[in-house]
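Start counting the first sequence at 4; every next residue gets the next number (our numbering).
Worksheet: one structure, shown below.
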Amino acid sequence: MTIFLYLRSQNDNTKVMEILIRNKVIEAIKILYGQDVDEKQVQVQTTRKEFTGDKTLVVFPFLRLSKKSPGQTAEDIGTYLVNSIGVISGFNIVNGFLNLVIDNSYWMAQLGNAANDEKYGFRTSTDDSELVMIEYSSPNTNKPLHLGHIRNNLLGYSISEIMKANGNKVVNTNIVNDRGIHICKSMLAWKKLGNDETPESTGKKGDHLVGEYYVKFDQLYKTEIAELVAQGMSEDEAKDKAPIINEAREMLRQWEANDPETRDLWKRMNNWVYTGFAETYKTLGVDFDKIYYESNTYTIGRDEVLRGVKEGIFEQMDDNSVWADLGKDGLDRKILLRSDGTSVYMTQDIGTAKIRYADFPINHMVYVVGNEQIYHFQVLSLLLDKLGYKWGKDLYHFSYGMVELPQGRMKSREGTVVDADDLVADMIDVARKVSEELGKLDGYSDQEKEKIYHTVALGALKYFILKVDPKKTMLFNPEESIDFNGNTGPFIQYTYARIQSVLRKATDAGIVITQQVPAIVMNDKESALIKILSNFPDVVKEAGLNHSPALVANFVYELAKEFNQFYHDITIMNEPDEQVRIFRLLLAKTIGQTIKNGFSLLGIEVPERM
RNA sequence: GGCCCCAUAGUUAAAUGGAUAGAAUGGAGGAUUCCGGUUCCUUUGAUCUGGGUUCGAAUCCCGGUGGGGUCACCA
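So this is what it looks like as structure tokens:
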């Protein structure tokens, strides 16, 4: 049959059927009505499940070409398609929608494709694949990671995996905000109040210890402001004149001047933080190919800004501060260097961008950063463009919404944050409790059990966050801990574990599951499963185009849910016909593999038992 | 105030301009001699508002309302 030859000739087999149908529809309209039709007018989509059929053609756009009723037009085209495409075995018409029925032989072949490909749905990169650099995480070294960072890290990692699955070469990068006035604040507070406390002496995780001093700085600062205001100073003036903030500013100048004592303290405290971060990253299962530090890139940014001044792109004021006037671009004036010559965030990002493009042949740069920085990236893109970098305009800011608590926004300075480490620890406790009640892990060692609790806890957390549209602000209520039932990670992990359990039983019974699909007559449940399964390559592609982990999450859930219905209604191991039994085992195995592949795009592991 | 984003069942959330707006959770009721009861089935309940474009609008355009962000010599 032509369709199968066509399939084999295409490495990229997404939407093959839709494309074939579309081409035949164009042909049909030419032959039947003598008219040319625009490709975009031919809409072929998957039939909604309440109707009979597999693919649906919308015939409304053709009515003015056919000059016939919707029903008659659909009848004409349907007949033509049945005669010209072998695997279309029939059609029905409902309200101007032409539903095409595709023969089971086609779906059998689809299962064969999937079953014989461990990386079904994924494309591999080649020498001429595009290089995508993805920046995510981007922590400050003055406080530990919190729930907001978790959303960032999970999105960044997942987008990276999705881009890889679409055949791109990917470099995961992290820019560490390791310098600046905010870092000096925690250093200063430690110097004043720290009594030489260290992670070792206190038993605290390094990033947590440093974070405590950042909070202490803010408390001191607020006290001083209140005192000055009490003496009759205005709030704004007090904020500027408070002794401790001026000490912090002086410390930043000392740091930029390479003062040895300041630099030593800085290195020491940053190293505490890095040790802490490494632990959190490991727990979350995220990693980076290349880490940049702003302490290394800000000078490059400063040089770029000064070049801009020389070339008349930016202006230097009498007090030495440097500004970009973006009035003509519809934006405001933006400071690039302070009057004391020190750098700001924007300066650093200019330097970081420049060095990245020097280090890698980047085709596509993605910044995974919260939506409160939309303006920042708009400006960054413009500034780089003005500085003469042709890629400046191409930066893609993947912005995502805040994570809010029931009482509102998290504020690290006020200590109202959900700490990343605490949250994960809580999730693991819940997973342990649920698992112990079920007792499926009896006989496992404590170490094996802990590994599974970790997998399930992280699965719950990651799925909970990634299934939500990244654009949307999400509410997280720590009181109602994340569900393990319904549309959740553990539900899908459970489905996977269940499949593995059946496969183990089959192996124990000496059944060999061949890669060859047995030629049996499928029932409706079986073909329904294959139809969902065969969408996977397309979902991977769409997820890549839209940078959307949520599409993958929805797909995997749909697949798992359909499998559970199948599993509930139809026996696998008790099926008397051996060929049918093997077919079902192969189907189950392939679905398990696809769940695993889909979840890998979300950074979620699947357990063999749970 | 300028600019940007968001608005769908009580709650969390789907839907390249297409059919009767699809799920989960919660509530109510039920099934399963089962290969893992974290399963399955039934029921309840939603597109903020007013115009416009279209054969067709949750979706696109304009005006409201509500919420959030941003416009720092913070990052």
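Don't be surprised by glycine CBs; every beta carbon is placed ideally from N, CA and C.
Would DSSP call residue i helix, strand or coil?
i	result
residue 336	strand
residue 62	coil
residue 13	Residue placement at residue 13 is poorly supported in this model, since its pLDDT is 36, which falls under 50; the coordinates are not used for a value here.
residue 138	strand
residue 373	strand
residue 439	helix
residue 57	coil
residue 72	coil
residue 20	helix
residue 181	coil
residue 606	coil
residue 422	strand
residue 611	coil
residue 148	coil
residue 576	coil
residue 488	coil
residue 121	coil
residue 198	coil
residue 428	helix
residue 258	helix
residue 111	helix
residue 390	coil
residue 384	helix
residue 87	helix
Could you pull the start and end residues of the alpha helix (DSSP H) that residue i belongs to?
i	result
residue 245	Note, residue 245: premise wrong, no alpha helix (DSSP H); not H, not E.
residue 277	263 to 287
residue 456	449 to 469
residue 105	Not the alpha helix (DSSP H): residue 105 falls in the beta strand (DSSP E), residues 100 to 105.
residue 444	That residue, residue 444, is in no alpha helix (DSSP H); it is neither H nor E in DSSP.
residue 539	539 to 548
residue 209	209 to 233
residue 492	492 to 511
residue 566	552 to 572
residue 204	202 to 205
residue 535	527 to 536
Could you tell me the boundaries of the beta strand (DSSP E) in which residue i lies?
i	result
residue 92	91 to 97
residue 328	325 to 328
residue 601	That residue, residue 601, is in no beta strand (DSSP E); its alpha helix (DSSP H) goes 581 to 603.
residue 47	47 to 49
residue 402	399 to 403
residue 294	293 to 296
Which residue from the options puts its Cα closest to that of residue i?
i	options	result
residue 552	165, 40, 64	165
residue 106	576, 574, 594, 531	531
residue 158	518, 470, 524, 569	470
residue 290	269, 462, 241, 173	173
residue 330	366, 295, 385	385
residue 192	202, 424, 82, 221	221
residue 565	579, 389, 547, 499	499
residue 167	205, 128, 187	128
residue 328	485, 308, 233	308
residue 149	257, 581, 103, 405	405
residue 497	459, 519, 515	459
residue 207	411, 275, 403	275
residue 299	181, 414, 409, 451	181
residue 114	597, 610, 603, 613	597
residue 582	273, 539, 517, 338	517
residue 478	41, 162, 151	151
residue 244	419, 229, 258	229
residue 246	231, 238, 466	231
residue 609	501, 140, 379	501
Name the one or two DSSP bridge partners that residue i has.
i	result
residue 346	340
residue 172	134
residue 411	408
residue 367	135
residue 319	325
residue 477	406
residue 126	169
residue 143	180
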